[in-house]
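As numbered in full-length UniProt numbering, residues 1 to 427 make up the sequence shown, in order. Just so you know, even glycine gets a beta-carbon here, dropped at the ideal spot from N, CA and C. Given the structure is predicted, the values throughout are model-derived calculations rather than measurements. Worksheet for the structure shown next.
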Amino acid sequence: MWSHPQAERWVGAGRRLRHADRRRPWVLDVCVVLVVLLAIGIPDLISEAAFARKAGLPTTGIIGLQLGLTLPLLWRRKKPSAALAAVLAVFLIQWPLDVLLNTDIAVFVALYSLARHGRLRHLAVGGAWVLAALVQAALRVPDAISPIGALFFLWSTATAAMALGLGLRVNQDYLAALRRSAAQLEIEREQRDRLAVAAERTRIARDMHDIVGHHLSVMIGLADGGAQAIGAAPERSRQALQLISGSGRQALSELRRTLTVLHDEQDQDAAEQPALHPQPGLSDLASLCDRVRAAGPEITLTTTGGLVTLDTGTQLAAYRIVQEALTNMLKHAGKKTQASVTVSRDADALHIRIEDTGPPTASTQSQPSREKEASGAGHGIVGMKERAAVYEGTVTAGPRPGGGWTVHAALRVPPALTSRGRTAETA
């Protein structure tokens with residue numbers, strides 16, 4: 001229907017008119033006054049058959065009544081109630097003069113404006129006054145027209161004017177509500193986007209902290225051990241250098257994988273994409289412990305339950321928690337400590353426990369620094385707690401009764417995914 005060129009032109013003209021009316025509303029109001037005053041009111045002045053002429057009203061009187069009926073329409077939008085009251089006052093003045101004018105149509109224009117722009121309770125009062133005014137007007141129509149028929153016609157016209165005004169008012173309110181809703185949805189979408197970006201940046205920062213901190217701690221431990229053995233055991237120093245190289249390469253690979261999300265993959269050819277390995281999981285705990293053992297500590301790894309059936313997100317979170325705990329162990333307890341890593345699964349939770357014996361001799365600095373980090377001052381414990389919270393889990397860390405340190409994490413596992421099994425590794 002609207003694909004017809006003529007219809008499209010009318011629609012476009014309507015849009016341009018509404019846009020111009022929003023910018024200069026007074027222009028349309030002036031045009032309404034001129035149309036009612038000139039196009040409709042002139043016959044009252046020039047036609048001898050006009051009802052005003054038959055009543056013997058002079059031209060100046062007719063013009064005065066016409067101006068009184070039309071000029072209030074200039075403020076029909078700003079003060080629609082006052083405009084209707086002024087028009088009705090002039091309309092009722094015609095009763096004792098026994099006059100009816102073509103410009104009395106201004107009553108319907110003012111009633112429409114009140115329905116369109118005014119308050120609804122004012123419309124009820126104004127409608128009642130208009131009905132009363134139309135009753136007296138129907139009694140003064142020429143004898144050829146029935147007063148009842150005239151009243152029916154006049155009130156039907158008034159009802160149509162009110163219905164048109166109310167319909168456009170409801171449509172305007174509906175469109176305004178849609179615009180507000182669209183604006184609110186846009187604000188909410190932008191907020192969700194900002195929150196998603198912030199969450200992704202936090203995740204990347206946490207992963208980078210875990211990756212860099214772990215591999216640097218391992219590399220420092222290997223470098224210290226290799227430096228001590230460089231004279232007495234050159235072969236051991238060479239192995240330490242190889243392990244340092246391997247740890248550095250793995251750190252770069254994990255960082256590359258983590259930072260890939262910052263790049264738009266559509267801007268790169270598939271051939272230019274770096275080869276990425278899967279995210280580490282619980283099956284990689286053995287190699288993780290091997291790397292840390294190479295730096296000096298003795299580590300026992302024990303896993304219980306059907307761990308490989310866990311989803312990748314849970315496995316990655318558990319892996320990072322173990323990685324961060326072992327990194328803190330290297331940093332605070334040194335390479336001569338002994339540690340145990342236990343990962344077990346029951347009906348509804350995955351439990352992770354990392355314990356170490358602390359430094360071989362009493363340290364006056366290690367314990368306070370670990371307690372400070374456990375209290376939330378360090379990024380490592382905070383990162384572990386944030387990872388666990390994603391899976392409705394908790395992380396606790398604190399000193400052991402006989403010395404050393406314990407980290408315990410519990411991640412929620414859906415019961416439907418539970419399975420059984422047991423593996424153990426000791427070194």
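For residue i, three-class secondary structure by DSSP
i	result
P360	coil
G334	coil
I46	helix
G398	strand
A158	helix
I220	helix
L57	coil
L301	strand
P274	Model confidence at P274 stands at a pLDDT of 47, short of 50, so the residue's coordinates are unreliable and nothing is read from them.
K385	helix
V413	coil
R77	coil
A232	coil
D98	coil
D264	Because the pLDDT of D264 is 45, which lies under 50, any placement of that residue in the model is unreliable, and the question is left without a value.
V141	coil
Q279	coil
S287	helix
S146	coil
R9	helix
A295	coil
G306	coil
R194	helix
A377	Because A377 sits at a pLDDT of 48, beneath the cut-off of 50, its placement in the model cannot be relied upon, and the following sentence gives the value as read from the coordinates. Reduced to three states, the DSSP call for A377 is helix.
Y319	helix
Backbone CA spacing between residue i and residue j [nearest angstrom]
i	j	result
T357	S340	9 Å
A286	V197	34 Å
A127	R189	Note that residue 127 is Gly in the sequence shown here, rather than Ala. Looking at the two C-alpha atoms, the distance is approximately 45 Å.
A294	R201	32 Å
S237	G296	13 Å
L71	N171	28 Å
L45	V109	21 Å
A325	P234	31 Å
residue 513	I93	Look at the range of the chain in this structure, 1 to 427, and you will see that residue 513 is not part of it.
residue 455	H215	No information on residue 455 is available, as it lies outside the stretch 1 to 427 that the chain covers here.
V36	L175	30 Å
G68	P80	15 Å
P359	K335	8 Å
Y112	P43	24 Å
A409	T342	11 Å
G398	L195	33 Å
K385	R203	13 Å
E298	T337	7 Å
I187	L168	28 Å
C31	T60	23 Å
L166	L34	24 Å
H122	V107	15 Å
Q279	L178	45 Å
A132	W95	12 Å
D404	I354	Checking the displayed sequence, the identity of residue 404 turns out to be Gly instead of Asp. Straight-line Cα distance between these residues: approximately 11 Å.
A160	R9	27 Å
I62	A85	20 Å
D290	Q228	21 Å
S253	G226	24 Å
Distance between beta carbons of residue j and residue i, contact taken as under 8 Å
i	j	result
V212	A251	7 Å
Q323	L288	6 Å
V413	T314	7 Å
V218	L301	That belief does not hold up - the Cβ atoms of V218 and L301 are roughly 16 Å apart, past 8 Å.
G305	S344	6 Å
residue 433	L316	Since the first residue of the chain shown is 1 and the last is 427, residue 433 is not available in this structure.
L134	L97	Contact doesn't hold; Cβ gap of about 17 Å is too wide.
I321	I352	6 Å
L65	V90	6 Å
A158	V130	5 Å
Residues that DSSP places opposite residue i in a beta bridge
i	result
V90	Bridge partners of V90: none, in fact.
H408	R353, T396
R345	L350
G340	Per the sequence presented here, residue 340 reads as Ser, with Gly not at that position. Partner(s): T300, E355.
Q: Inspect the CB distances between the region 335–348 and the region 388–399 and report whether three or more fall short of 8 Å.
A: Short answer: they don't touch.
Q | Cβ contact (3+ pairs, closer than 8 Å) linking the region 110–128 and the region 63–81 | A | They touch, by the three-pair rule.
Q: Would you check if the region 126–140 and the region 149–166 touch, i.e. whether three or more CB-CB distances between them fall below 8 Å?
A: In short, these stretches touch, since the Cβ pair count reaches three.
Q.
So, does the region 174–194 touch the region 220–230, judging by three or more C-beta pairs under 8 Å?
A. In short, these stretches do not touch, since the Cβ pair count stays below three.
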